[in-house]
Structure formats: C-alpha cells, structure tokens
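J.: Quick one: the structure is below, questions incoming.
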C-alpha cells in the first residue's frame, strides 16, 4: 500500500472541489468513480481530493478562447464570374449565342 504525503490544506472536500470547479458535488463523485480525479480516503465515507490534482484536471479540460477569424473581404470583380457569364449566354437568343 502506498502512502501519499500532502499538506492538510492541499486536500479538498467534495463540496470544496465542486465549488472550485463550478459543478455539483454529484458531478465530482462521478469524476472520482471514473478515475478522472485521484481520491484520498479516510475511512469508509470520508474522502478528500488533492487540490493540485483538481487544478491539473481543470487545466486539461479548459478550452482556450481564440479570437474569431474575420470573414474574407469580397474583392470587386473586374469581369463577371463564369456563372454570371453562363447565365447571360443562356438568356441570349440562339442566333446571338453562335457569334
């Protein structure tokens, strides 16, 4: 059995962990059951979570907000695009198309 040496203030309760993460204690329990956070057990029901592990967990699951990419600027066309030219040809009478 391994022993874990940590300072008492470095261990958080379920409620403290939930408050720090902005979630409910039930969500923290699910994370513990899935092994997403380490747990230090003191008896049957008393558990504590290392604060450093919570901070690392938050860092792993935090998305970085990147600035939105500006929409491309439409450049003025000097010539009609192929679709516009085709539409013009289709609208012409048959004799005019053959020129």
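In our numbering, the protein residues as written are 358 to 456.
We put the beta carbon where it would ideally sit given N, CA and C, even for glycine.
All values reported here derive from a predicted model rather than from experimental measurement.
Rounded to the nearest angstrom, what separates residue 422 and residue 391 at their Cα positions?
T.: If you take the alpha carbons of residue 422 and residue 391, they lie about 27 Å apart.
J.: Is it buried or exposed, residue 394, if we count other Cβ atoms within 10 angstroms and call 16 or more buried?
T.: Classification of residue 394: buried, given that the 10 Å Cβ count is 16 or more.
J.: Determine the DSSP secondary structure at residue 407, reduced to helix, strand or coil.
T.: Note: residue 407 maps to strand in three-state DSSP.
J.: Alpha carbon to alpha carbon, what distance is there between residue 420 and residue 386?
T.: Each residue's Cα considered, the two are about 23 Å apart.
J.: For residue 368, which beta-bridge partners are listed by DSSP?
T.: DSSP output for residue 368 lists 407 as bridge partner(s).
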